[in-house]
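The letter at position 79 of the sequence shown is residue 79 when you use UniProt numbering, and the numbering goes up by one with no holes.
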Amino acid sequence: MTTSTEKREHLYKILVIGELGAGKTSFIKRYVHQFFSANYRATIGVDFALKVLHWDPNTIVRLQLWDIAGQERFGNMTRVYYKEAVGAFIVFDVTRSGTFDAVSKWKEDLDAKVQLPGGGPIPCILLANKCDQEKQGIVTNIEKMDEYVKVNGFSGWFETSAKENVNIEESARALVNQILLNDKLITVADIMDNEKFALESTSGQQITTMKKNCSC
1 MTTSTEKREH LYKILVIGEL GAGKTSFIKR YVHQFFSANY RATIGVDFAL KVLHWDPNTI
61 VRLQLWDIAG QERFGNMTRV YYKEAVGAFI VFDVTRSGTF DAVSKWKEDL DAKVQLPGGG
121 PIPCILLANK CDQEKQGIVT NIEKMDEYVK VNGFSGWFET SAKENVNIEE SARALVNQIL
181 LNDKLITVAD IMDNEKFALE STSGQQITTM KKNCSC
(Lines of atoms letter the chains of each structure in order from A and count residues from 1; the text may use other names and numbers.)
(Lines give C-alpha, C1' and ligand atoms only; values in the text may rest on other atoms or scores of the structure.)
Protein backbone atom coordinates (compact mmCIF):
# COMPACT_ATOMS: atom_id res chain seq x y z
CA MET A 1 0.00 0.00 0.00
CA THR A 2 1.40 3.40 -0.98
CA THR A 3 0.59 6.74 0.56
CA SER A 4 0.66 10.00 -1.29
CA THR A 5 1.72 13.23 0.38
CA GLU A 6 -0.57 16.11 -0.34
CA LYS A 7 1.18 19.06 -1.89
CA ARG A 8 0.69 22.39 -0.20
CA GLU A 9 0.61 25.69 -2.04
CA HIS A 10 0.79 29.14 -0.49
CA LEU A 11 0.13 32.43 -2.31
CA TYR A 12 1.61 35.61 -0.87
CA LYS A 13 1.09 39.17 -2.04
CA ILE A 14 4.25 41.30 -1.90
CA LEU A 15 4.42 45.03 -2.61
CA VAL A 16 7.34 46.75 -4.36
CA ILE A 17 7.12 50.47 -3.67
CA GLY A 18 9.29 53.59 -3.75
CA GLU A 19 9.94 56.73 -5.76
CA LEU A 20 9.74 57.00 -9.54
CA GLY A 21 12.88 55.66 -11.23
CA ALA A 22 14.26 53.88 -8.16
CA GLY A 23 14.44 50.58 -10.06
CA LYS A 24 11.36 48.72 -8.79
CA THR A 25 10.49 47.23 -12.19
CA SER A 26 14.13 46.33 -12.86
CA PHE A 27 14.33 44.53 -9.51
CA ILE A 28 11.22 42.48 -10.29
CA LYS A 29 12.29 41.66 -13.85
CA ARG A 30 15.69 40.46 -12.62
CA TYR A 31 14.19 38.40 -9.80
CA VAL A 32 11.38 36.79 -11.78
CA HIS A 33 12.82 36.58 -15.31
CA GLN A 34 16.60 36.96 -14.78
CA PHE A 35 16.43 39.86 -17.21
CA PHE A 36 17.63 43.47 -17.19
CA SER A 37 16.95 46.38 -19.50
CA ALA A 38 17.93 50.01 -19.12
CA ASN A 39 14.90 51.12 -21.13
CA TYR A 40 11.83 50.44 -18.99
CA ARG A 41 9.00 52.91 -19.26
CA ALA A 42 7.59 54.30 -16.04
CA THR A 43 4.95 52.05 -14.51
CA ILE A 44 1.47 53.52 -14.61
CA GLY A 45 -0.76 52.47 -11.72
CA VAL A 46 0.29 48.94 -10.88
CA ASP A 47 1.85 45.97 -12.68
CA PHE A 48 2.11 42.35 -11.59
CA ALA A 49 4.55 39.45 -11.72
CA LEU A 50 4.50 35.91 -10.32
CA LYS A 51 7.47 34.06 -8.85
CA VAL A 52 7.16 30.36 -7.96
CA LEU A 53 9.42 28.91 -5.25
CA HIS A 54 9.71 25.18 -4.56
CA TRP A 55 10.15 25.48 -0.82
CA ASP A 56 10.42 21.73 -0.20
CA PRO A 57 9.24 18.58 -2.03
CA ASN A 58 5.71 19.08 -0.71
CA THR A 59 5.42 22.86 -0.59
CA ILE A 60 5.15 25.46 -3.33
CA VAL A 61 5.24 29.16 -2.49
CA ARG A 62 3.85 31.57 -5.06
CA LEU A 63 4.78 35.23 -4.74
CA GLN A 64 2.51 37.75 -6.37
CA LEU A 65 4.67 40.85 -6.78
CA TRP A 66 2.84 44.16 -7.10
CA ASP A 67 4.94 46.78 -8.89
CA ILE A 68 3.34 50.06 -7.79
CA ALA A 69 4.06 53.31 -9.61
CA GLY A 70 6.21 55.84 -7.75
CA GLN A 71 3.62 58.61 -7.92
CA GLU A 72 0.88 56.45 -6.37
CA ARG A 73 1.79 57.44 -2.80
CA PHE A 74 0.06 60.75 -3.50
CA GLY A 75 -3.20 59.09 -4.57
CA ASN A 76 -5.95 57.25 -2.78
CA MET A 77 -5.52 53.96 -4.64
CA THR A 78 -2.66 52.68 -2.52
CA ARG A 79 -5.08 51.50 0.15
CA VAL A 80 -6.65 49.23 -2.49
CA TYR A 81 -3.27 48.14 -3.84
CA TYR A 82 -1.89 47.34 -0.37
CA LYS A 83 -4.87 45.26 0.72
CA GLU A 84 -3.99 41.72 1.89
CA ALA A 85 -0.25 42.17 1.32
CA VAL A 86 1.96 40.17 3.70
CA GLY A 87 5.34 41.68 2.83
CA ALA A 88 6.93 44.61 1.04
CA PHE A 89 10.09 46.02 -0.46
CA ILE A 90 10.74 49.75 -0.43
CA VAL A 91 13.28 50.67 -3.10
CA PHE A 92 15.46 53.77 -3.39
CA ASP A 93 18.19 54.80 -5.82
CA VAL A 94 21.60 55.15 -4.13
CA THR A 95 22.63 57.76 -6.73
CA ARG A 96 19.70 60.07 -5.89
CA SER A 97 19.44 61.01 -2.21
CA GLY A 98 15.97 62.44 -2.80
CA THR A 99 14.62 58.92 -3.35
CA PHE A 100 15.96 57.96 0.08
CA ASP A 101 14.40 61.04 1.68
CA ALA A 102 11.00 59.73 0.58
CA VAL A 103 11.51 56.26 2.10
CA SER A 104 10.12 57.19 5.51
CA LYS A 105 6.94 58.53 3.91
CA TRP A 106 6.47 55.32 1.96
CA LYS A 107 6.98 53.31 5.15
CA GLU A 108 4.50 55.44 7.09
CA ASP A 109 1.95 55.09 4.29
CA LEU A 110 2.47 51.32 4.18
CA ASP A 111 2.16 50.84 7.95
CA ALA A 112 -0.97 53.00 8.06
CA LYS A 113 -2.79 51.07 5.35
CA VAL A 114 -1.93 47.40 5.84
CA GLN A 115 -1.19 45.30 8.93
CA LEU A 116 -0.74 41.68 9.90
CA PRO A 117 -3.80 39.91 11.39
CA GLY A 118 -2.44 40.68 14.85
CA GLY A 119 -2.22 44.37 14.10
CA GLY A 120 1.54 44.66 13.63
CA PRO A 121 3.30 45.98 10.53
CA ILE A 122 3.96 43.62 7.63
CA PRO A 123 7.65 42.73 7.17
CA CYS A 124 9.43 45.19 4.91
CA ILE A 125 12.93 45.06 3.41
CA LEU A 126 14.68 48.28 2.33
CA LEU A 127 16.57 48.01 -0.97
CA ALA A 128 19.43 50.42 -1.69
CA ASN A 129 19.31 49.87 -5.44
CA LYS A 130 21.78 50.67 -8.26
CA CYS A 131 24.72 49.93 -5.95
CA ASP A 132 26.92 49.37 -9.02
CA GLN A 133 26.98 53.17 -9.35
CA GLU A 134 28.45 55.89 -7.15
CA LYS A 135 26.47 56.23 -3.92
CA GLN A 136 25.47 59.45 -2.17
CA GLY A 137 23.94 60.26 1.19
CA ILE A 138 23.39 58.07 4.25
CA VAL A 139 23.81 54.81 2.31
CA THR A 140 27.58 55.42 2.27
CA ASN A 141 27.57 54.85 6.05
CA ILE A 142 26.62 51.27 6.97
CA GLU A 143 26.25 52.02 10.70
CA LYS A 144 23.84 54.86 10.02
CA MET A 145 21.83 52.66 7.64
CA ASP A 146 21.64 49.93 10.28
CA GLU A 147 20.31 52.46 12.78
CA TYR A 148 17.86 53.91 10.25
CA VAL A 149 16.24 50.56 9.42
CA LYS A 150 16.02 49.67 13.11
CA VAL A 151 14.38 52.97 14.08
CA ASN A 152 11.95 52.85 11.17
CA GLY A 153 10.85 49.25 11.70
CA PHE A 154 12.35 47.57 8.64
CA SER A 155 13.09 43.84 8.71
CA GLY A 156 16.49 44.52 7.15
CA TRP A 157 18.22 46.20 4.21
CA PHE A 158 20.32 45.21 1.24
CA GLU A 159 22.39 47.02 -1.33
CA THR A 160 21.13 45.71 -4.66
CA SER A 161 21.87 46.04 -8.34
CA ALA A 162 19.35 44.73 -10.83
CA LYS A 163 21.85 45.43 -13.60
CA GLU A 164 24.67 43.39 -12.05
CA ASN A 165 22.35 40.91 -10.26
CA VAL A 166 23.67 41.80 -6.79
CA ASN A 167 21.66 40.63 -3.75
CA ILE A 168 18.43 40.21 -5.72
CA GLU A 169 17.86 36.61 -4.64
CA GLU A 170 19.26 37.24 -1.17
CA SER A 171 16.95 40.14 -0.37
CA ALA A 172 13.91 38.28 -1.67
CA ARG A 173 14.80 35.21 0.35
CA ALA A 174 15.13 37.30 3.50
CA LEU A 175 11.62 38.68 3.02
CA VAL A 176 10.10 35.29 2.21
CA ASN A 177 11.67 33.82 5.34
CA GLN A 178 10.10 36.55 7.46
CA ILE A 179 6.71 35.93 5.83
CA LEU A 180 6.96 32.19 6.49
CA LEU A 181 8.00 32.86 10.09
CA ASN A 182 4.94 35.07 10.55
CA ASP A 183 2.77 32.40 8.96
CA LYS A 184 4.28 29.82 11.35
CA LEU A 185 5.31 27.61 8.44
CA ILE A 186 8.93 27.69 9.58
CA THR A 187 10.85 28.56 12.73
CA VAL A 188 14.11 30.40 13.21
CA ALA A 189 15.63 26.98 13.94
CA ASP A 190 14.58 25.81 10.47
CA ILE A 191 16.45 28.71 8.94
CA MET A 192 19.56 28.26 11.02
CA ASP A 193 19.69 24.47 10.77
CA ASN A 194 18.77 23.95 7.14
CA GLU A 195 20.01 27.22 5.63
CA LYS A 196 17.32 26.81 3.01
CA PHE A 197 17.66 30.44 2.04
CA ALA A 198 21.32 30.93 2.96
CA LEU A 199 20.66 33.68 5.48
CA GLU A 200 23.67 35.27 7.07
CA SER A 201 23.55 35.81 10.81
CA THR A 202 26.32 37.27 12.94
CA SER A 203 26.67 36.89 16.67
CA GLY A 204 24.46 39.26 18.60
CA GLN A 205 22.23 40.17 15.65
CA GLN A 206 18.62 39.20 15.31
CA ILE A 207 17.63 37.19 12.27
CA THR A 208 15.59 40.15 11.03
CA THR A 209 18.47 42.62 10.83
CA MET A 210 20.38 41.08 7.97
CA LYS A 211 22.13 43.10 5.30
CA LYS A 212 24.56 42.54 2.48
CA ASN A 213 26.80 45.09 0.90
CA CYS A 214 27.49 45.63 -2.76
CA SER A 215 30.96 44.52 -3.72
CA CYS A 216 30.76 45.51 -7.36
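Every residue gets a Cβ at the ideal spot worked out from N, C-alpha and C, and that includes glycine. For clarity, every value in this text was computed on a predicted model and none was experimentally measured.
Following the continuous beta strand (DSSP E) through A49, name the residue where it begins and the one where it ends.
Residues 46-56.
Tell me the residue span of the alpha helix (DSSP H) that contains D132.
From DSSP, D132 is part of no alpha helix (DSSP H); its letter is neither H nor E.
Buried/exposed call for R62, threshold 16 Cβ in 10 Å
R62 is exposed by the Cβ-count criterion.
Measuring CB to CB, does I17 end up less than 7 Å from I122?
Not in contact: I17 and I122 (Cβ atoms no closer than 7 Å).
Starting from the C-beta of D67, find all residues in its chain whose C-beta is less than 8 Å away, skip the five residues before and the five after it, and write them out in chain order.
A distance below 8 Å between beta-carbons, with the five flanking residues on each side excluded, links D67 to the following residues of its chain, in chain order: V16, K24, T25, I28, T43, V46, D47, F48, A49.
Given 8 Å as the limit, is there contact between the region 141-151 and the region 170-184, that is, 3 or more CB pairs closer than that?
Taking a cut-off of 8 Å on C-beta distances, the region 141-151 does not touch the region 170-184, as fewer than three cross pairs fall below it.
Quick one: Cα of L20 to Cα of E6, how far?
Here the alpha carbons of E6 and L20 stand approximately 43 Å from one another.
Drop a sphere of 10 angstroms on the beta-carbon of residue 226, count the other beta-carbons inside from all chains shown, and report buried for 16 or more, exposed for fewer.
Absent from the model: residue 226. The displayed extent of the chain is 1 to 216, so no value can be given.
Can you tell which of L110, W55, A128 has its C-alpha closest to the C-alpha of Y81?
Its Cα nearest to that of Y81, the residue L110 stands out among L110, W55, A128.
Throw me the rounded Cβ distance for the A88 and I14 pair, which I believe falls under 8 Å.
Between I14 and A88 the Cβ distance is about 6 Å, and since that is below 8 Å, they are a contact.
For A22, which of helix, strand or coil comes out of DSSP?
DSSP places A22 in coil when its eight states are reduced to three.
With 16 other Cβ atoms within 10 Å as the buried cut-off, status of N76
N76 should be labelled exposed.
What does residue 218 pair with, by DSSP beta-bridge criteria?
Examination of residue 218 is not possible in this model, given that the chain is present from 1 through 216 alone.
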